[in-house]
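Read through the structure below, which is laid out as structure tokens, and then see the notes.
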Amino acid sequence: MGFSRWWREWGRGRRWRPVEVHRDSRAALTLSYLTFKDLITSNDEVLEAIADLEQKLQGDTFFGMNYIRFRCVTAATHTYRMIANLNKLSGRRYPELPVVFSQIQRAIEAVLEKGRHRASPAGPWVLDFAEVDASLHDRVGGKSANLGELRNRVHLPVPEGFAVTTDAYRLFLERNALHEEIRARLIHVDFDDLDSLQEASDAVREVFLEAPLPPEVEAALLEGHRRLSERLGRSARVSVRSSAVGEDGEVSFAGQYVSLLNVTRETLVEAYKKVLAGLYTPRAIFYRHVHGIPDEDIPMGAAVVAMVEAAASGVACSVNPARPEGGTLVINGAWGLGVGTVGGSVSPDFWEVEKEGELALREARLGSKETSVEPLPQGGITPVALDPALGSSFCLTERQVKELALLVLAAEKHYGKPQELEWALDTLGRFTLLQCRPLRISARQEAGTAEPPPEVAGHPLLLRGASASSGTAAGPVHPLKSLEDLPSVPEGVVVVARHSSPQLVKVMGRVAAIVTDIGAPTGHMASLAREFGVPAVLDTREATSRLEAGRVVTVDAGRGAVYDGRVESLLQAAAPPLRRSLKGTPVHRLLEEIARHIVPLNLTDPRSPDFRQGACRTFHDIVRFIHEKAFEEMFRLSDRVTDAAYRSVRLRAHLPFELYLIDIGGGLRRPPEGPEIAPEELRSEPMKALLLGMCDPALRWWEPKGISLTGFLSVATESLFTPVHDAAERRLGDRSYAIVAESYCNFSSRIGYHFTAVDAFSSENLSRNYVSFRFKGGAADDLRRARRCELIGEILRRLDFQIERNGDLINARLRKFPRETIEDRLGQLGRLIVATRQLDMRMGPGAPVAWYVEAFFRGNYLFDPDAGPPAEAPGGAP
Amino acid sequence: MRVVRLLLVDDEKRFTETLGKRLVARGLFVETVNSGPEALAALESRPFDVVLLDVRMPGMDGLEVLRALKKAHPLVEVILLSGNASIHAAIEGMRLGAMDYLLKPADLEDVLAKVEEAFEKKKVAEERAKEDRRSRGLP
Chain G
22 MGFSRWWREW GRGRRWRPVE VHRDSRAALT LSYLTFKDLI TSNDEVLEAI
72 ADLEQKLQGD TFFGMNYIRF RCVTAATHTY RMIANLNKLS GRRYPELPVV
122 FSQIQRAIEA VLEKGRHRAS PAGPWVLDFA EVDASLHDRV GGKSANLGEL
172 RNRVHLPVPE GFAVTTDAYR LFLERNALHE EIRARLIHVD FDDLDSLQEA
222 SDAVREVFLE APLPPEVEAA LLEGHRRLSE RLGRSARVSV RSSAVGEDGE
272 VSFAGQYVSL LNVTRETLVE AYKKVLAGLY TPRAIFYRHV HGIPDEDIPM
322 GAAVVAMVEA AASGVACSVN PARPEGGTLV INGAWGLGVG TVGGSVSPDF
372 WEVEKEGELA LREARLGSKE TSVEPLPQGG ITPVALDPAL GSSFCLTERQ
422 VKELALLVLA AEKHYGKPQE LEWALDTLGR FTLLQCRPLR ISARQEAGTA
472 EPPPEVAGHP LLLRGASASS GTAAGPVHPL KSLEDLPSVP EGVVVVARHS
522 SPQLVKVMGR VAAIVTDIGA PTGHMASLAR EFGVPAVLDT REATSRLEAG
572 RVVTVDAGRG AVYDGRVESL LQAAAPPLRR SLKGTPVHRL LEEIARHIVP
622 LNLTDPRSPD FRQGACRTFH DIVRFIHEKA FEEMFRLSDR VTDAAYRSVR
672 LRAHLPFELY LIDIGGGLRR PPEGPEIAPE ELRSEPMKAL LLGMCDPALR
722 WWEPKGISLT GFLSVATESL FTPVHDAAER RLGDRSYAIV AESYCNFSSR
772 IGYHFTAVDA FSSENLSRNY VSFRFKGGAA DDLRRARRCE LIGEILRRLD
822 FQIERNGDLI NARLRKFPRE TIEDRLGQLG RLIVATRQLD MRMGPGAPVA
872 WYVEAFFRGN YLFDPDAGPP AEAPGGAP
Chain F
70 MRVVRLLLVD DEKRFTETLG KRLVARGLFV ETVNSGPEAL AALESRPFDV
120 VLLDVRMPGM DGLEVLRALK KAHPLVEVIL LSGNASIHAA IEGMRLGAMD
170 YLLKPADLED VLAKVEEAFE KKKVAEERAK EDRRSRGLP
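Here you go:
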């Protein structure tokens with residue numbers, strides 16, 4: 022029972038002791054193997070999480086809070102598992118690691134939970150507009166704050182009403198424990214699958230509508246309504262509109278939330294909850310996702326606004342978004358309530374007004390207004406067919422246009438930047454401003470130029486319309502029959518729709534351009550198109566009838582033109598599409614804060630005195646430390662095995678180095694009889710594959726010839742001055758070791774001055790299969806090292822590995838491939854490991870890295886510049 | 070070779086049914102229950118190798134079940150499943166002896182790989198326990 026003896030010996034004289042003393046060495050060794058393998062698997066998981074976090078930190082891909090949580094949990098779980106396994110393997114020799122881990126875990130949790138544990142909401146739950154101005158933005162949200170500001174600071178006409186505070190919403194969430202509910206439902210969302218977005222949205226909104234409003238909030242709402250009715254002298258009909266913090270600010274949220282019109286006292290509470298639930302419409306969730314706004318804790322207020330008996334209504338922009346330099350403002354309007362103009366379902370009247378001097382009318386264009394939206398006596402609204410005579414007359418007189426223009430200019434002057442306003446004209450001919458927010462000018466450069474679209478030879482001009490944004494793009498026409506078909510809109514198409522709709526935001530990330538029959542450049546969709554940098558031409562009247570599916574067209578949005586075919590001259594002249602970056606968004610900032618505790622690697626040098634458990638500051642440090650120590654522990658273990666069956670044996674193979682093996686379960690055909698075994702005795706499939714590669718006759722590396730003298734010198738010199746450090750390393754320097762089992766191998770070695778480790782699992786279950794490869798260079802000067810790393814990285818990439826490079830260190834992983842692929846790649850790794858020694862000698866400043874990569878894949882492992890045609894097919898067996 | 074005996078615990082009936090069916094189709098022996106107490110009762114009366122356990126359940130939550138389960142059946146391997154990515158719950162689960170913490174919706178292949186891993190572990194642990202008993206002259 023040699024095993025138990027060493028185990029006892031090992032335990033003697035130390036503070037710690039193995040938990041149990043096992044008489045059966047095989048089971049114990051198998052257990053260490055499983056523990057070790059677990060540890061290596063977790064190592065891969067953490068490194069993968071880190072690599073992914075680093076990629077997301079670049080800011081050019083979208084992610085949300087769920088992504089961050091998901092990655093944090095993976096990284097934390099596997100780091101913890103590695104600590105537990107290392108302690109199991111070593112008999113608890115690393116007591117500091119759990120302590121360090123807990124500190125890091127707490128730091129990450131603190132960032133994730135930041136803001137979640139504020140003081141409980143205390144009210145007030147509602148504030149009359151008379152008490153509100155822009156300074157209360159955080160407590161009442163953007164819409165209410167702007168209305169209060171216009172009313173109390175600029176003295177412009179706004180409707181009577183009151184704000185429901187963000188505290189009211191917070192209380193609603195808190196009382197019903199909705200945070201968790203929301204998060205649990207949103208975790209299923211796959212942003213590439215709009216159906217899953219719809220499902221999650223439905224689920225969250227259902228939760229909202231079922232949850233009761235706290236009684237104090239309900240009472241305050243009704244009291245606010247009572248006061249409002251008192252001021253109006255009748256039971257007020259109101260519109261209830263979302264007023265989120267940040268909404269109507271720098272990020273527009275245009276049309277992303279919900280407004281309910283003509284709400285009665287009886288339906289007020291329900292309407293308020295619907296507005297809250299509107300935070301989770303699919304387009305709102307999507308919008309926040311692409312803007313990096315966390316889905317939890319969105320401070321949400323509401324504006325309860327007395328309905329204006331509107332004869333006409335619409336939108337005005339204090340700067341023409343299509344021609345920002347033109348010195349004009351634009352007004353859109355239609356009969357009845359404003360939803361038509363804003364939502365894009367009628368073609369409104371249009372005025373362009375000079376801002377300087379007499380406010381001269383630059384242009385007045387009659388829309389086609391077949392319907393108007395009117396309130397219903399019982400509450401709610403309905404579209405009503407318009408008297409054709411009315412429909413074909415302007416909804417504002419020229420005098421009224423000028424009157425409105427003055428209000429628009431006053432708002433712009435107050436805020437000091439271009440504004441977008443919603444307006445209504447009541448039946449007594451008085452204007453009221455319903456909303457005011459900063460106007461977003463196109464995200465692309467050189468927004469629409471005034472010049473008419475040029476003639477292009479061979480490409481007939483098919484359509485003209487209103488420019489909603491700028492930019493030029495081409496693609497096949499994709500007619501959108503109904504908004505329900507949005508999920509199936511393919512990438513890169515030109516969407517052609519009857520009406521413009523803010524719902525189209527859901528495909529703005531993937532379409533080339535948008536063209537509609539009807540819609541105003543001042544509407545919500547237009548501002549979203551500008552924000553997303555999507556070329557959009559609206560109000561073409563006949564796009565759906567003129568553009569058939571599949572026809573390739575070029576959309577020159579700045580000039581409001583659609584051409585037949587791909588017009589290369591226009592596409593090339595256009596500014597490159599603006600890349601959206603998440604950098605600076607709240608979610609990205611949060612990720613940066615969290616990544617600080619996970620990603621940086623401080624423990625880079627195992628020989629440094631700072632390479633110790635207490636010095637770990639990030640998960641990456643812990644993982645790096647454990648990876649190093651785990652190998653030490655495994656060899657410590659095998660060195661102590663006195664039971665012949667589990668002692669290491671030397672492999673008798675045609676190799677340029679000595680290889681010692683430890684079998685920990687089915688890696689050999691039978692228990693070894695002497696200190697040496699023949700390669701035929703191996704049963705471990707991954708080890709066999711690796712070995713076959715290393716023994717490839719084409720390598721012949723121990724017969725070097727034609728070494729460049731400087732190359733040789735630089736290797737020789739450095740080796741003279743590189744001190745050998747601890748014993749473990751010296752040993753690894755002399756020999757190569759492999760731990761093998763039936764479907765597993767772990768190989769580590771120094772060949773020449775390189776440290777190499779391969780860890781692989783190969784079975785019929787491809788989910789469990791992996792190869793992980795680690796290379797640390799040595800010898801040679803910096804230039805050679807850099808080129809060598811580049812070369813190895815490129816070869817591994819070509820072999821489908823995921824690469825992580827850190828200075829001189831390469832970590833490469835390959836996961837979930839079938840057995841045949843895994844074993845083929847192991848063979849290539851075997852060749853690469855042996856061939857890299859040649860590399861240092863050969864890699865002068867001469868040939869480009871690509872040449873060496875090609876040489877490797879042609880089987881020219883000696884990197885002989887005079888080598889003839891390929892000796893064998895790439896990846897072929899030796 | 071012995072078939073894995075898996076107990077699937079989740080309060081969402083629809084979830085246990087679908088996942089259960091898919092796991093059975095992959096050759097596992099699967100029993101599903103929809104609450105913590107039911108899970109503990111099942112473990113009392115029948116042997117299982119691996120438990121797939123939901124963390125968020127009304128009444129007795131997954132971590133409580135895990136605690137009780139590991140006390141009574143230390144060799145049974147537990148994989149936690151959660152729709153809620155909470156580091157705290159994950160680490161607490163690992164501390165209580167869970168083998169892993171998977172996030173819903175989990176890929177079927179990932180679940181299978183984890184179950185297989187857990188089963189392997191359980192077999193080795195059982196073998197050790199057997200050897201241990203034998204060496205002490207117990208049956």
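Same order as they appear, the protein sequences are chains G and F.
Just so you know, we're using the working numbering here: the first sequence kicks off at 22 and counts up by one.
Just so you know, we're using the working numbering here: the second sequence kicks off at 70 and counts up by one.
Cβ atoms here follow ideal geometry from the backbone N, Cα and C, with glycine treated the same way.
Is the beta carbon of residue j closer than 7 angstroms to that of residue i?
i	j	result
G/Ser488	G/Gly579	yes
G/Leu380	G/Lys438	no
G/Val429	G/Leu350	yes
G/Val498	G/Ala570	yes
G/Ala636	G/Val576	no
G/Ala835	G/Asp821	With the sequence shown as reference, residue 835 of chain G is identified as Leu, and Ala is not the correct amino acid for it. It is a contact, given that the beta carbons lie within the stated cut-off.
G/Met715	G/Val855	yes
G/Lys135	G/Ser264	no
G/Arg90	F/Ala175	no
G/Val325	G/Val228	no
So for residue i, helix, strand or coil by DSSP?
i	result
F/Arg95	coil
F/Thr87	helix
G/Ile813	helix
F/Val78	strand
G/Arg174	coil
G/Gln399	coil
G/Cys457	strand
G/Asn64	helix
F/Ala198	helix
G/Arg826	strand
G/Trp372	strand
G/Asp506	helix
Name the chain F residues that come within less than 8 angstroms of residue i, Cβ to Cβ?
i	result
G/Arg102	Met163, Asp169
G/Ser793	What G/Ser793 touches in chain F: nothing, since even the nearest Cβ is about 16 angstroms away.
G/Gln219	Within chain F, no residue comes near G/Gln219; the closest Cβ sits about 16 angstroms away, beyond 8 angstroms.
G/Glu901	In the structure as shown, chain G begins at 22 and stops at 899. Residue 901 of chain G is therefore absent and cannot be evaluated.
What in chain G is Cβ-close to residue i, meaning under 8 angstroms?
i	result
F/Asn179	The question names Asn, yet the displayed sequence has Asp at residue 179 of chain F. Those within 8 angstroms of F/Asp179 in chain G are Ser788.
F/Glu185	Asn786, Arg789
F/Ala182	Asn786, Ser788, Arg789
Please list, in chain order, the chain F residues whose beta carbon lies closer than 9 angstroms to that of residue i.
i	result
G/Asn767	Per Cβ cutoff of 9 angstroms: no residues; G/Asn767 is ~17 angstroms from chain F at best.
G/Asn87	Ala154
Please report the Cβ distance between residue i and residue j, rounded to the nearest whole angstrom; I am assuming they are in contact, meaning their Cβ atoms lie under 8 angstroms.
i	j	result
F/Val134	F/Ala108	6 angstroms
G/Arg204	G/Ala221	With 8 angstroms as the limit, G/Arg204 and G/Ala221 do not qualify as a contact, their Cβ atoms being about 11 angstroms apart.
G/Ser368	G/Ile539	5 angstroms
G/Ile816	G/Leu847	Between G/Leu847 and G/Ile816 the Cβ distance is about 14 angstroms, and since that is not below 8 angstroms, they are no contact.
G/Thr448	G/Pro180	The Cβ separation is near 14 angstroms, so there is no contact.
G/Thr51	G/Ile685	6 angstroms
What does residue i reach in chain G if we use C-beta pairs closer than 7 angstroms?
i	result
F/Val193	Ala48, Thr51, Leu52, Leu55
F/Leu172	Phe91, Val94
F/Lys190	Leu55
Along chain G, which residues have their Cβ under 9 angstroms away from the Cβ of residue i?
i	result
F/Gly152	Arg204, Ala205, Arg206, Ile208, His209
Just the chain F side, please: which residues come within less than 7 angstroms of residue i by C-beta, in chain order?
i	result
G/Ile129	Ile156
G/Ala97	Ile156, Ala159, Ile160
G/Gln124	Neighbours of G/Gln124 on chain F: none; closest Cβ ~13 angstroms, over 7 angstroms.
G/Glu201	Asn153
**Asked** Does the stretch 544-553 of chain G touch the stretch 500-508 of chain G, meaning 3 or more C-beta pairs lie closer than 8 angstroms?
**Response** The stretch 500-508 of chain G, when compared against the stretch 544-553 of chain G, does not touch it at the 8 angstroms Cβ threshold.
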